[in-house]
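In terms of numbering that gives the first Met the number 0, the sequence shown opens at residue 0 and continues consecutively.
First comes the structure, then the notes that go with it.
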Amino acid sequence: MRGMRMGPDRTIGGMQRTFGLHRQFGEEGERPERPITMAEVRRVFGYFMPYWGQWLIILLCIAATSGLGVLPPLCVRAIIDEAIPSKNADLLHLMVGAIVALTLVSGLISVLQNYLNALVGQGIMYDLRNELYGHLQRQSLGFYTTTRAGEIVSRLNNDVAAVNEVATGTVVQVASHVFTLVATLIVIFGMNPWLALLAIAVVPTFYLPTRIVGRIRHRLSRQTQEEQAELVSFMEERLNIGGMVLAKIFGQSAADANYFARRNRSVMDLNVKQTMAGRWLFMVLSVFSVIGPAAIYLYGGHQAIREELTVGTLIAFVAYLTNLYRPIGGLANVYVAFQGALAVFQRIFDYLDRSPDVEDRPGASALAGVRGSISLEGVYFAYPRADAPTGGANGEPPPERRWALENVSFEIEAGQRVALVGPSGAGKTTITYLLPRFYDPTEGRVTLDGHDLRDIAQESLRSHFGVVTQDTFLFHTSVRENLLYARPSATEDEMVSACRSANIHELISDLPEEYGTIVGERGFRLSGGEKQRLAIARALLKDPRILILDE
């Protein structure tokens, strides 16, 4: 055994004092609200392109239902102007039957449209969630020490689920409203151009309230998602065995419940504000929508009195106003909803646009035949200050450095056992994180068999390392599955052999279901020593060339 002592002069602040305190994307690290750009809109619709075939069928369904939707008022006009005055029962029966048939066919087409709509919406959510999860997997440890787990979970669940509003609602509604609007305009201009012009004269009044409410909805939507993320983060931290033990030991259960209630209330209030913003818009548009029918009744009524217009045409025309104003109001509501959905996409893009701190260099290659010699050459490393207001994100200057390692150099030959000895905060754990390249040195370099770690593909590099961390982590699953996480292809004999080497096989054999026993949340059904031995067995099962045991 060879020891190495590291004095306190090598560090100003250790990992224990800096890890996990600064938040890059937490409640105080959220990116400020910014306007939506056309590039972001195009990027959003890029997620729709793989489903162009389904979209084509959906659009055909919408066109069919929109076309069928303009026919019933014409049937009503035929009943009023022709069937009833001429006492033509056959025409009456035909028109009534046509109305029923049109409604039935339209309903069947709508079922197909809704099925495809749901399929596309869920597919987009599936793709986006997979892309986001894969990108998060590539992030370096620095991201996870500055971002709350609940915030990440919220973006994967709540934010991605909110995308469904665009996929299954917004886009389809736009197409439906546009088709209905075009079909209605064609029919009403064919019936009476002057009445049609009078009907659309009130349309410009819809613009201003829609614009104002859209901006409000965008802001409220982003605030709501951020508050929900904070709520999920709080639950993630408190509603587990570790958080619950702390709450009970320090008597903070009531305080935690009060904090949760305040945050929950904030989410509720924001959701109510979003809903009311939409309802106020609906109310304003409804008022404007009354002006059109009133003008039509006034002008068309005088024409009917002068027998320049039939009563059936007037009634049919007023019926068409619903098909005219409803899509216009619907498009206004879609715009408002789309503003909210884009705010959610912006939050997702904030993560997707963040590059990992540690990336493979161009030309980085796999390393075969590893012997295991390690060298640190003039290594400096700094974590962000725990009290720094920013992590240097979004073009802002980086915070003042706190050196965890300062000009550290040493060599370890292949096959040697080396102990790093020093007080808490001296940088021992930091070194164990530099070796598998969880972080890159701020200055200097680390080599494996003479190769700079930055020239080795990360996946290849880490395949040669086994690490047992200070804070042993086990999944809430069986002993066997926790062990096989290191090497899923391992045989039962190899697993037992690793456990014997870690001196835990006998304990596992005494468990109720032996290797099939569930270890509980973070392994809390085992003692601290048992968890650590199981973690050692897991690392041994990987059969790494280099094994790191962090205390």
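Heads up, the beta-carbon is just placed ideally off N, CA and C, and yes, glycines get one too.
Please read these numbers as outputs of a predicted model, since none were measured by experiment.
Using the Cα positions of glycine 96 and valine 119, report the straight-line distance between them to the nearest angstrom. For the purposes of this step, residue 96 is identified with residue 97 of the sequence shown, where counting begins at 1. For the purposes of this step, residue 119 is identified with residue 120 of the sequence shown, where counting begins at 1. Looking at the two C-alpha atoms, the distance is approximately 35 Å.
State the DSSP-derived secondary structure class of histidine 450, mapped to helix, strand or coil.
Position 451 of the sequence shown, counted from the first residue, corresponds to residue 450. Three-state DSSP puts histidine 450 in a strand.
- Query: Out of curiosity, what's the CA-to-CA distance linking asparagine 263 and tyrosine 132?
  - Reply: Residue mapping note: residue 263 aligns to position 264 of the sequence shown, counting from 1. Residue mapping note: residue 132 aligns to position 133 of the sequence shown, counting from 1. About 27 Å.
Please confirm if the segment 348 to 355 is in contact with the segment 416 to 433, defined as three or more CB-CB distances below 8 Å between the two stretches. no
**Report entry** Local conformation of valine 378 per DSSP, three classes
**Finding:** As a working mapping, residue 378 is identified with position 379 in the sequence shown. In the structure shown, valine 378 sits in a strand (DSSP, three-state: E or B).
| request: Evaluate tyrosine 114 with the Cβ neighbour count: other Cβ atoms within 10 Å of its Cβ, from every protein chain shown; 16 or more gives buried, anything less gives exposed. | output: Along the sequence shown, one-based indexing puts residue 114 at 115. Result: exposed.
Find the nearest neighbour of phenylalanine 472 within the set Val417, Ile535 and Ala331, judged by alpha-carbon distance.
-> Residue mapping note: residue 472 aligns to position 473 of the sequence shown, counting from 1. Minimum Cα distance to phenylalanine 472 is reached at Ile535.
Check your understanding: Under a Cβ-count criterion, where at least 16 other Cβ atoms within 10 Å of its own Cβ denotes burial, should glutamate 551 be classed as buried or exposed?
Key -> Absent from the model: residue 551. The displayed extent of the chain is 0 to 550, so no value can be given.
Practice task
Look at leucine 546 and glycine 465 and say whether their C-beta atoms are less than 8 Å apart.
Solution key: Along the sequence shown, read from residue 1 onward, the residue named residue 546 stands at position 547. Along the sequence shown, read from residue 1 onward, the residue named residue 465 stands at position 466. Cβ atoms of leucine 546 and glycine 465: closer than 8 Å.
Worksheet item: Which term fits phenylalanine 44, buried or exposed, when burial requires 16 or more other beta carbons within 10 angstroms of its beta carbon?
Response: In the sequence shown, the residue the question calls residue 44 occupies position 45. Phenylalanine 44 should be labelled exposed.
Tyrosine 258: buried (16+ other C-beta within 10 angstroms of its C-beta) or exposed? As a first step, residue 258 is located in the sequence shown; it is residue number 259 there, counting from the start. Classification for tyrosine 258: exposed.
Subject >> With 16 other Cβ atoms within 10 Å as the buried cut-off, status of glutamine 469 >> reply: For this step, residue 469 is matched to residue 470 along the sequence shown. Exposed, since its Cβ has fewer than 16 Cβ neighbours within 10 Å.
Query raised in the report: According to the Cβ coordinates, are asparagine 481 and valine 420 closer than 8 Å?
Result: Taking the sequence shown and counting its residues from 1, the one referred to as residue 481 is at position 482. Taking the sequence shown and counting its residues from 1, the one referred to as residue 420 is at position 421. No; because the gap between Cβ atoms is not below 8 Å, this pair is not in contact.
How far does the alpha helix (DSSP H) with valine 202 in it extend, from its first residue to its last? Stepping through the sequence shown from its first residue, residue 202 is reached at position 203. Per DSSP, valine 202 belongs to no alpha helix (DSSP H) and is neither H nor E.
Exercise for the section: Could you name the residues of the same chain whose beta carbon sits closer than 8 Å to that of glutamate 29, not counting the 5 residues immediately before and after it, in chain order? Expected result: Locating residue 29 in the sequence shown gives position 30, where the first residue counts as 1. At glutamate 29 the pLDDT is 47, less than 50, meaning the model places this residue with poor confidence; the figure from the coordinates comes in the next sentence. Excluding residues within five positions, the ones whose Cβ falls inside 8 Å are Glu225.
On the DSSP bridge list, what partners appear for tryptophan 54? As a working mapping, residue 54 is identified with position 55 in the sequence shown. Tryptophan 54 pairs with nothing; no bridge assigned.
- Task: Would you kindly work out how many angstroms separate the C-alpha atoms of histidine 504 and serine 526, rounded to a whole number?
- Result: By one-based count along the sequence shown, residue 504 stands at place 505. By one-based count along the sequence shown, residue 526 stands at place 527. Using only the alpha carbons, I get a separation of about 15 Å.
DSSP beta-bridge partners for phenylalanine 233?
Indexing the sequence shown from 1 puts residue 233 at position 234. Paired residue(s): none; phenylalanine 233 is not in a bridge.
Exercise. What three-state label does DSSP hand leucine 67 in the structure shown?
Worked result: Here residue 67 corresponds to residue number 68 of the sequence shown, with the count starting at 1. Helix at leucine 67.
**OP:** Look at the alpha carbon of alanine 485 and the alpha carbon of leucine 127, and state the distance between them as a whole number of angstroms.
**Re:** As a first step, residue 485 must be located in the sequence shown, where it is residue number 486. As a first step, residue 127 must be located in the sequence shown, where it is residue number 128. Distance between the alpha carbons of alanine 485 and leucine 127 is about 28 Å.
Measuring alpha carbon to alpha carbon, tell me which of Ile373, Leu135 and Thr36 ends up nearest arginine 416. Along the sequence shown, read from residue 1 onward, the residue named residue 416 stands at position 417. When only C-alpha atoms are compared, the closest one is Ile373.
Glycine 45 - containing beta strand (DSSP E), residue span | In the sequence shown, the residue the question calls residue 45 occupies position 46. Glycine 45 -> not in any beta strand (DSSP E); alpha helix (DSSP H) instead, spanning 37 to 45.
Q) Considering only C-alpha positions, which residue in the set Asp492, Ser408 and Thr179 is nearest to leucine 59? A) Residue 59 sits at position 60 when you count from the first residue of the sequence shown. Nearest of Asp492, Ser408 and Thr179 to leucine 59, Cα basis: Thr179.
For glycine 390, count neighbouring Cβ atoms within 10 angstroms of its own Cβ and tell me buried if that reaches 16, exposed if not. The residue given as residue 390 occupies position 391 in the sequence shown. Confidence is the limiting factor: at glycine 390 the pLDDT is only 41, short of 50, which leaves the residue's position unreliable, though a coordinate-based value still follows. Buried, since its Cβ has 16 or more Cβ neighbours within 10 Å.
Practice item. For valine 478, count neighbouring C-beta atoms within 10 Å of its own C-beta (all shown protein chains included) and say buried if the count is 16 or more, exposed if not. Key: For the purposes of this step, residue 478 is identified with residue 479 of the sequence shown, where counting begins at 1. Burial call: buried.
* Which residue from Ile61, Ala200 and Leu506 puts its Cα closest to that of valine 104? -> Within the sequence shown, the letter at position 105 stands for residue 104. Answer by Cα proximity: Ile61.
Original post:
Sorted by chain position, which residues of the same chain lie with C-beta nearer than 7 Å to glycine 291's C-beta, five sequence neighbours on each side aside?
Top reply: By one-based count along the sequence shown, residue 291 stands at place 292. Excluding positions up to five away in sequence, the list reads Ala198, Val201, Leu320 and Tyr324.
Assign glycine 443 to one of three DSSP states: helix, strand, or coil. Along the sequence shown, one-based indexing puts residue 443 at 444. Looking at glycine 443 - three-state DSSP - the assignment turns out to be strand.
* **Among Thr446, Arg401, Ala363 and Gln338, nearest to glutamate 376 - alpha-carbon criterion** => As a working note, residue 376 is residue 377 in the sequence shown. Cα-wise, what sits closest to glutamate 376 is Thr446.
- Query: Using the rule of at least 16 other Cβ atoms within 10 Å of the residue's Cβ for burial, across every protein chain shown, is aspartate 268 buried or exposed?
  - Reply: Residue 268 sits at position 269 when you count from the first residue of the sequence shown. Burial call: exposed.
Length of the line joining the Cα atoms of methionine 494 and valine 110: Position 495 of the sequence shown, counted from the start, is the residue given in the question as residue 494. Position 111 of the sequence shown, counted from the start, is the residue given in the question as residue 110. Taking the straight line joining both Cα atoms gives about 53 Å.
Taking all protein chains shown into account, decide if aspartate 89 is buried (16 or more other Cβ within 10 angstroms of its Cβ) or exposed. On the sequence shown, residue 89 is found 90 positions in, with the first residue counted as 1. Exposed is the call here.
CA-CA distance, serine 65 and phenylalanine 337? Residue mapping note: residue 65 aligns to position 66 of the sequence shown, counting from 1. Residue mapping note: residue 337 aligns to position 338 of the sequence shown, counting from 1. Each residue's Cα considered, the two are about 22 Å apart.
Burial state of asparagine 116 (16 or more Cβ within 10 Å): Here the question's residue 116 lines up with position 117 in the sequence shown. The residue in question, asparagine 116, is buried, as its Cβ has 16 or more Cβ neighbours within 10 Å.
Backbone CA spacing between glutamine 112 and valine 99 [nearest angstrom]
Here residue 112 refers to the residue found at position 113 when the sequence shown is read from its first residue. Here residue 99 refers to the residue found at position 100 when the sequence shown is read from its first residue. Answer to the nearest angstrom: the Cα atoms are 20 Å apart.
| task | Kindly indicate which three-state DSSP category arginine 401 falls into: helix, strand or coil? | result | The residue labelled residue 401 in the question sits at position 402 within the sequence shown. Arginine 401 falls in the strand class under three-state DSSP.
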